[in-house]
Structures are given as structure tokens and as C-alpha cells.
Amino acid sequence: MPDLDLRTHLVDDVVGWWLRHGPDDLQGGVFTCWDNAGERLLSTDKYTWSQGRWIWLTARLADSVARGALASAQDRLDSERLLALARSTADFVRRHALLPDGTTAYVTDRTGRPKEPAPGAGLHTSVFADCFVALGLAALARLDGDRAAARLAEDLLHSADARVRAGRARTDPYPVHPAFAAFSLPMILLGTATEVHQATGSPGSAEVATQAARTIVTWFRDGADVRELRPNPRGFDDTLLARHRTPGHVLECAWFLVHAADTVPGVAGVLGDWPTWLPTVAAHALALGWDEQDGGLFRYTDVDGGEPRGRLLDDPYERLVRDTWDTKLWWPHAEALYATALLARRCRAADRSAPAAELTAWHDRLRAYTFATFPAGPGREWIQIRRRDGAPLDQTVALPVKDPFHVARALLLMVEIDEPGERTNP
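Using full-length UniProt numbering, the letters of the sequence shown map in sequence onto residues 1 to 426.
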């Protein structure tokens with residue numbers, strides 16, 4: 001499907017599949033525990049992480065349809081239905097997933113009863129779940145003026161930020177080894193705070209975004225290289241955890257930084273001359289992650305490219321990196337498509353023709369591979385998890401769910417990037 005139309009693929013295939021199979025019209029929320037092929041619902045449990053993402057997606061789609069950004073598809077997408085789905089999912093989360101301590105339950109059953117993901121783990125095990133709920137509620141508040149949703153999004157953001165700063169943030173499904181700081185934490189705070197700021201305009205959300213951007217560029221970035229895990233004490237630089245890289249995260253964060261610089265006061269000053277250095281970071285991540293043998297982006301690589309290597313610490317995440325480094329996953333490819341499109345456009349606008357040409361070439365290469373590999377066919381979503389050679393792989397990645405977020409978001413943002421005024425919205 002290399003020549004597919006992005007709007008048609010977004011509306012008829014990706015979103016169309018989710019609207020037919022996802023909504024729980026009886027209890028509220030969305031079913032996401034589908035197998036990789038999207039043919040069997042394996043569980044009716046509802047992971048709060050996914051519920052928050054669904055709120056964001058349905059709210060943003062409703063907004064895009066209402067604004068005419070998906071004009072050619074307005075007869076197939078109903079903005080009122082999309083808004084109703086966003087509201088009902090937000091109501092489900094507010095009624096069932098919010099815990100008395102200001103965090104969220106990691107997972108509930110179909111009716112909304114919170115469950116421990118593992119015996120003795122507790123109900124709250126992931127700051128990422130909190131952030132994705134805040135992300136979704138902020139998008140809903142921005143669309144329909146729901147002040148309660150905006151306040152809750154702000155509260156969740158600041159609670160998450162406080163726990164990250166204090167070193168108390170739980171990070172399921174990937175607990176972080178105590179000797180390391182994780183890039184994913186300032187990254188999720190940046191993306192969430194940017195969305196919350198666009199809904200509230202609050203100084204507090206701007207401060208969270210600015211501090212997260214500062215942490216990313218001063219603590220995790222070294223020239224064109226970005227660490228996934230940075231050792232806190234000395235003596236761990238030779239470990240696999242310190243040496244491994246996650247190209248997809250770098251590329252996703254690249255466009256987070258652009259959107260934040262565009263919309264949040266203070267961020268652009270922290271980033272400095274980002275139109276010069278950020279395209280270099282993206283190009284380095286692409287070159288590091290690209291599989292010259294079979295095409296596509298590896299899930300993980302070594303700092304010097306290829307299979308991650310280094311001293312082992314017998315850590316669960318370390319085992320995940322070793323076992324799955326060469327898989328091809330939906331989300332790095334979706335994020336890379338949008339990141340390269342956005343950065344190439346910004347380079348052209350800044351009269352930087354060489355990086356613009358390089359990023360455009362990467363975009364074309366990614367697009368050819370991605371649309372020849374991942375889409376499951378007309379009226380269906382993507383087969384999101386693939387082996388190195390592109391064959392489907394029935395394996396859990398992060399949550400035991402089919403993700404309703406990365407693919408649709410990237411396609412929507414690529415459609416919107418061609419709008420007059422170039423809307424930027426993480």
C-alpha cells in the first residue's frame with residue numbers, strides 16, 4: 001500500500017476499524033485487548049493508559065472533522081459521535097480509574113473495578129497512565145470547554161511531575177533500574193504538559209514543559225546522540241542498559257519538542273537553535289535504527305549500531321531489550337513518518353536545503369517500508385507487531401493491547417500538517 005491516500009487510510013481503515021470494534025457502548029470506555037491481527041478480543045479489561053489515549057484520539061478527530069480538516073471524509077466520520085465517545089470514556093475514567101491519592105489505577109475490569117496488574121503490585125503502578133489520562137482530558141477540555149476536565153488534567157500533570165522529581169514515579173510496564181534515569185519520563189511530561197498548556201494556558205503547565213525540555217537537552221542529549229537510560233552513579237557506562245538506544249523514542253520526542261517550542265512560553269529559549277541541531281538528532285536516530293538487511297527501524301540498538309551489547313545486570317528490562325531488539329513495531333514507524341515530515345518542512349522554511357532533502361529522503365524511505373509492511377488491508381488497522389523480516393509476530397509489547405493511538409495520531413498529524421497555518425498539537 002505504498003501509494004495509499006493518508007486521509008482514506010486514516011478514516012476508512014484505521015479509525016474505521018476502531019469505531020467498529022473499540023467502543024463499549026454498555027459500560028463506557030474502549031476495548032483494546034485485541035490480538036495482533038485484530039480478530040479476537042482476548043480480554044474486556046481496560047488499561048487506563050489506553051483509555052486516556054482513546055479520549056485524546058476521539059476528541060482530536062471530532063475537532064478535525066468539525067474544522068473541515070478531514071473534509072473528504074466527513075460523510076464517514078460523525079464529529080458528534082466522536083465527541084460523545086470522548087466524553088463517555090472520560091466519564092468512565094473519572095468514575096472508576098481515579099484513586100484517592102491523586103493517581104490512576106493501572107487497569108480495571110470491564111465495569112470499571114480497579115485491579116492489581118499483579119498480586120501485591122497495588123492499583124497504581126504507572127505514571128504513564130496518569131499522563132495519558134491528563135493528555136486525553138486536556139484534548140477534551142480544549143474542544144468542548146470542560147473546565148472540570150481541564151482542572152483534573154492539570155492536577156494529574158503536577159502530581160506526575162512531583163513524583164518524577166522526587167524519584168518516586170512508578171513506570172510499569174518498564175520499571176527503571178535504580179542506577180539509571182529514564183529519558184521516557186521527561187519526554188512524557190513534555191508531551192503531556194504541552195497538551196495541558198494548550199487547554200489551560202496555565203503558568204504551571206508551561207513550567208513543567210520547560211523543565212522537561214531542559215532535562216532532555218542537558219541531561220540525555222549529547223550532540224546528535226540521545227540516551228534512553230542515563231547512569232546516575234559512575235561505573236555503569238559499560239552496561240547494556242547504558243549503551244542501548246531507542247530510535248523511535250528519539251523521533252517521537254523530536255516532534256514533541258517542535259510543538260512545545262511553537263506553543264509553550266519558555267521552551268524555545270531552552271532549546272536554543274533547535275532548527276539546526278534537532279534535524280541532526282533525528283537523522284542520527286534514523287541512521288542508527290535503520291535495518292539495512294530487511295528495512296525498517298529496529299526497536300532497540302546499541303549506541304554504535306546493531307544489536308545492543310554491554311555488561312549485564314540481570315534486569316527485566318535488559319532482558320526485554322536483548323530478546324526484542326530487532327522486532328519491527330508500529331509506533332516507531334508511525335512516529336518517524338510524522339517527525340520526518342514536520343522537520344523537513346521546518347528546514348525548508350528556514351532555507352536549510354541540505355537537512356530538508358535528507359529528511360525528505362528518509363520520509364520517503366520510511367513511507368515505502370511502513371505502508372508495504374504494517375497495514376492489514378482495506379477496512380482494517382495495522383498488524384502492529386512484526387518480526388525483523390516483517391512477518392506478523394504474536395507477542396505482547398508494553399501492554400497486552402492493540403494500540404489505538406500512535407498510528408491514528410501520526411496519520412492525523414500528517415494530514416493536518418498540510419492545512420493552512422500548519423496546526424501543531426501533540
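From the three backbone atoms N, C-alpha and C, an ideal C-beta is built for every residue, glycine too.
For the alpha helix (DSSP H) containing residue i, list its first residue and its last residue.
i	result
Pro247	247–263
Arg309	Looking at the DSSP string, Arg309 is not in any alpha helix (DSSP H), and its letter there is neither H nor E.
Phe371	353–373
Ala391	Careful: Ala391 lies outside any alpha helix (DSSP H) and carries neither H nor E.
Arg319	316–324
Val11	Segment: none, Val11 is in no alpha helix (DSSP H) and carries neither H nor E.
Arg409	406–416
Leu4	No alpha helix (DSSP H) contains Leu4, which DSSP labels as neither H nor E.
Val267	267–271
Apply the 10 Å Cβ neighbour rule to residue i and answer buried if 16 or more other Cβ atoms are within range, or exposed otherwise.
i	result
Asp161	buried
Glu292	exposed
Leu288	buried
Thr44	exposed
Asn36	buried
Trp219	exposed
Glu39	exposed
Ala203	Inspection of the sequence shows that residue 203 is occupied by Pro rather than by Ala. Its Cβ having fewer than 16 others within 10 Å, Pro203 is exposed.
Asn425	Only weak support is given to the placement of Asn425: the predicted model assigns it a pLDDT of 42, under 50, and the question is left unresolved by the model.
Leu19	buried
Leu70	buried
Gln198	buried
Pro420	In this predicted model, Pro420 has a pLDDT of only 48, less than 50, meaning its place in the structure is not dependable; the value taken from the coordinates is given anyway. The residue in question, Pro420, is exposed, as its Cβ has fewer than 16 Cβ neighbours within 10 Å.
Leu312	exposed
Gln211	buried
Thr215	buried
Ala148	exposed
Pro223	A small correction: the amino acid at residue 223 is Gly; Pro does not occupy that position in the sequence shown. Looking at its Cβ environment, which holds fewer than 16 other Cβ atoms inside 10 Å, Gly223 is exposed.
Arg67	exposed
Ala121	exposed
Gly52	buried
Determine the direct distance from the alpha carbon of residue j to that of residue i, and round the result to whole angstroms.
i	j	result
residue 427	Trp277	Nothing about residue 427 can be reported from this structure: the residues present for the chain run from 1 to 426 only.
Pro178	Arg7	44 Å
Ala339	Ile383	21 Å
Arg142	Ser79	15 Å
Glu422	Arg234	Residue placement at Glu422 cannot be trusted, given a pLDDT of 48 that sits under 50; what the coordinates show is reported in the next sentence. In a straight line, the C-alpha of Glu422 is about 45 Å away from that of Arg234.
Arg230	Gly379	42 Å
Ser255	Asp25	Note on residue identity: the sequence assigns Trp, not Ser, to residue 255. C-alpha separation (whole angstroms): 34 Å.
Val208	His96	27 Å
Pro400	Ser50	11 Å
residue 461	Gly295	Nothing about residue 461 can be read from this structure; the chain reaches only from 1 to 426.
Ala356	Ala182	30 Å
Arg163	Gly390	39 Å
Val226	Arg245	8 Å
Pro100	Pro275	43 Å
Leu41	Cys33	6 Å
Cys347	Pro117	45 Å
Arg388	Thr373	11 Å
Ser159	Gly145	22 Å
Thr111	Arg60	26 Å
Ala150	Tyr106	21 Å
Thr171	Thr125	7 Å
Val133	Val30	13 Å
Ser205	Leu140	17 Å
Trp331	Ala350	28 Å
Ala376	Phe236	42 Å
Ala166	Ala354	43 Å
Glu335	Arg345	16 Å
Gly305	Asp91	45 Å
Ala410	Thr104	26 Å
Leu297	Trp325	10 Å
Thr263	Ala193	11 Å
Leu412	Leu10	7 Å
Using a threshold of 6 Å, is the CB atom of residue i nearer than that to any non-hydrogen atom of the ligand NAD?
i	result
Thr370	The ligand content of the structure shown is nil, which means the ligand NAD is not present either.
Is the CB of residue i under 7 Å away from at least one CB in chain C?
i	result
Lys115	No chain C is part of this structure, which consists of one protein chain only.
In the DSSP assignment, what residue or residues form a beta bridge with residue i?
i	result
Thr171	Ser126
Ile385	Leu329
Val30	Pro23
Thr301	Arg245
Trp277	Looking at the DSSP assignment, Trp277 forms no beta bridge with any residue, so it has no partner.
Trp17	According to DSSP, Trp17 bridges with nothing at all.
Considering just the uninterrupted stretch of the beta strand (DSSP E) at residue i, what are its terminal residues?
i	result
Ala339	Not the beta strand (DSSP E): Ala339 falls in the alpha helix (DSSP H), residues 330–349.
Ala181	180–182
Handout entry: Continuous alpha helix (DSSP H) assignments of at least 4 residues falling wholly in the stretch 36–80
Key = 48–67
Exercise for the section: Quick one: which unbroken alpha helix (DSSP H) runs of 4-plus residues sit fully inside the stretch 90–150? Chain order, please. Expected result: DSSP runs (the alpha helix (DSSP H)) wholly in the stretch 90–150: 127–144.
Practice task
Can you check the stretch 202–251 for any alpha helix (DSSP H) of at least 4 residues that lies completely inside it and give the ranges in chain order?
Solution key: 203–215, 240–243, all fully within the stretch 202–251.
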